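In my numbering, the protein residues as written are 36 to 732.
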Ligand code: IVH
């Protein structure tokens, strides 16, 4: 969150400050939207996101002339930029305005009455606001013909095959009163139990766990391969409709009743309320029940029940006047810090963790919280035995908000951050201008060694199936695998029927839960990895700051491992620093890595077993689009978006997501929207699909 959020009251802002802040918020929220909607990997908590949104609204309310064209208040969701086919939504999928208190709820009801100019009670439905992602499913003559995500509200992503894998969604409805054509809308979600089970599986397969059930649901539904969706447990509920051939109902409650009769799942906690008191009551009831629900909800949606009244109320720019979302506060609880300990990561970073007296926060048992770093503990003055307020804002890993000072016990103890590594005793050093302290033990530190092994076998590195996190830990403790190269001698070390082997040797098939078959499978998946691509090998080494993208850059520029390694050993940085995307700090870390004798030993051992394929860069740097920047928009007819992108980069072009003055060509497909418009505004050359194909032939 930008620092200014905490600083000034909106009323005290100068125009200049307001302008700057609106810009900051727009940029920050655009980034957060992409992380949330496109990558299913958010970095802002829901609470932080809502705070930004609210601040934006407040500033805009005071300075209406400063409202930006790209203001978050005008956007629904994130622009689409994925490889899914697109589906146009004739009736847009809108969003709802948020409120956060019972006062605002009462004000909402009054404003509806004022608008309709009536003193009478108005009926509202009260519906749990599922924390998942919304869908639109289209039925023609009773048959499910297509389904899409909300996308940007006007165009969604085609998820027809994926949604069909969700059990409770009827593919065919034969009820006589089912409209000829109807789009049903609702939420796809994942239950808390299925979410935890999925994360356990992810971890055992060395894959990244999901931050919360919403992301797990989004990540599972938005899969190009519907078989993956099928393997995940998703659920859905219906709560509204889009296009429809004939409306047979007069109210929201009637609609909900109808869809239920047609065999669609609807939320059993939906209520029809006849007065403000009943609405407030429904809010309080649901807030009570919330933690016991098997799924996450993040609030309640209230809708004017009568469709004729809804029609009279109509819409604001992007939200209806007849409905509102009452958001719950993030789930909070107070508990005791039993201990503070320090965890050591792959690159030696020391992270403080609070062990908490286990407590139920919104239906999830919490017993640890990260304290981020040394300064954070100081800033919040968190001491061992203190009572702290923790918050779970949609996410599973809770945050510590602060200490409940009145409850500080006499025996509370300040935590002295260690200057030696708690795992290996080596010095732990904090570089100037760094927030983290690091263990200097390298691979002689067991914690770092284990984390590096896990990284080595992970999906983007060697991707060795059958060597999950738990097995790596067990094998390390039992000294079966201490270093990456030990993985490749596992097979020859196993078995043997001489006396020594029988007594001392390794007999993996005798381990609990293992058998001959699983051992042979493991050996096979290890053997399969004796040839490895150069970028994977470089990434697997676990050099600090060298992620998969950097590894690819290095591979592209050096093509051969020895060329790279020799240059690094000779501290020859000329080529490395000329690579666009590699800076001084990263280069320093790479050189440091190659200075460490331990690392060189491991590399030389590994090379006895592993063949590193030289990197063949097949990019055509002489093609007509080499070095150019391309943007794709709209639906292509013969190519999928992924194919088109792959073709373009194979021809040496850069593919960008948005049109700017840096863009050379915009390839315009069917139903293209704002990007095509922007291209013509900026005078950028546009290409049809066949013109593009001609260029890359
Ligand atoms: S109605 C015009 N009903 O909340 C009204 N939305 O902030 C459209 N949501 O995009 C939405 N439960 O993803 C509606 N019972 C419910 C809902 C619900 C969850 C989500 C939905 C929507 C968002 C709006």
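Yeah, the Cβ is synthetic: ideal placement off N, Cα and C, and Gly gets one too. Remember, predicted model here, so these are calculated numbers, not experimental data.
N- and C-terminal bounds of the alpha helix (DSSP H) containing residue 742 = Nothing about residue 742 can be read from this structure; the chain reaches only from 36 to 732.
message = Using 8 Å as the cut-off, can you tell me whether the segment 488-496 makes contact with the segment 235-242, which would need three or more C-beta pairs spanning the two stretches below that distance?
response = yes
Completely contained beta strand (DSSP E) runs for the segment 135-217, where each covers 3 or more residues = 159-165, 168-175, 178-184, 190-192
task = Return yes when the Cβ of residue 580 is within less than 8 Å of the Cβ of residue 624, no when it is not.
result = yes
query = Considering only residues of the same chain and omitting the five flanking positions on each side of residue 479, which have a CB-CB separation below 8 Å?
reply = 459, 461, 633
Member of 194, 278, 50, 329 whose CA lies at the smallest distance from the CA of residue 263 = 194
ask   = Does the Cβ of residue 589 have 16 or more other Cβ atoms within 10 Å, making it buried, or fewer, making it exposed?
value = buried
request  = State buried or exposed for residue 598, treating a residue as buried only when at least 16 other CB atoms are found within 10 Å of its CB.
outcome  = exposed
request  = Can you tell me which of 348, 423, 335, 89 puts its alpha carbon nearest to the alpha carbon of residue 436?
outcome  = 423
Option in 357, 297, 176 with minimal Cα separation from residue 129 = 357
message = Is the separation between the beta-carbon of residue 691 and that of residue 654 shorter than 8 Å?
response = no
query = When every heavy atom of the ligand IVH is checked, does at least one fall within less than 7 Å of the C-beta of residue 185?
reply = yes
Beta-carbon proximity check, residue 733 vs residue 610, cutoff 8 Å = In this structure the chain extends from 36 to 732, so residue 733 is not present and cannot be described.
request  = Tell me, please, whether the segment 378-397 touches the segment 154-162 by the rule of three or more beta-carbon pairs shorter than 8 Å.
outcome  = no
query = According to the neighbour-count rule (16 or more other Cβ atoms, all chains shown, within 10 Å of its Cβ), is residue 155 buried or exposed?
reply = exposed
Identity of the residue in 47, 684, 708 nearest residue 670 by Cα = 708
task = Provide the residue span of the beta strand (DSSP E) that contains residue 400, from first to last.
result = 399-405
inquiry  = Given this structure, state the Cα-to-Cα distance separating residue 135 from residue 332, to the nearest angstrom.
reply    = 14 Å
Integer-rounded CB distance, given that residue 212 should sit under 8 Å from residue 286 = About 16 Å; that fails the 8 Å criterion.
Alpha-carbon spacing of residue 514 relative to residue 527, whole angstroms = 16 Å
message = Looking only at its chain, what residues have a beta carbon closer than 8 Å to the beta carbon of residue 228, apart from the 5 residues adjacent to it on each side?
response = 329
task = Could you tell me the boundaries of the beta strand (DSSP E) in which residue 657 lies?
result = Unbroken run through residue 657: none, as it is neither H nor E.
inquiry  = Please tell me whether, using a cut-off of 7 Å, the distance from the CB of residue 355 to the nearest non-hydrogen atom of the ligand IVH is below it.
reply    = yes
ask   = If you run the structure through DSSP and keep just helix, strand and coil, what is residue 580?
value = coil
key: Straight-line Cα distance separating residue 417 from residue 450   = 8 Å
ask   = When the Cα atoms are used, what is the spatial distance from residue 97 to residue 46?
value = 8 Å
ask   = Is any heavy atom of the ligand IVH found at a distance shorter than 7 Å from the C-beta of residue 192?
value = no
query = Are the Cβ atoms of residue 724 and residue 701 separated by less than 8 Å?
reply = no
query = How is the beta strand (DSSP E) around residue 444 delimited, first residue to last?
reply = Taken as a continuous stretch (DSSP letters only), residue 444 belongs to no beta strand (DSSP E), as it is neither H nor E.
query = In the DSSP assignment, what are the bridge partners of residue 437?
reply = 424
ask   = What's the gap between the Cα of residue 719 and the Cα of residue 730?
value = 17 Å
query = What is the DSSP secondary structure of residue 324, counted as helix, strand or coil?
reply = helix
query = Around the Cβ of residue 206, are there at least 16 other Cβ atoms within 10 angstroms (buried) or fewer (exposed)?
reply = exposed
ask   = Start and end of the beta strand (DSSP E) containing residue 335?
value = 332-339
key: Where residue 259 falls, given that 16 or more other Cβ within 10 Å makes a residue buried   = exposed
inquiry  = Going by DSSP, what residue range makes up the beta strand (DSSP E) through residue 558?
reply    = Element bounds for residue 558: not the beta strand (DSSP E) but the alpha helix (DSSP H), 551-562.
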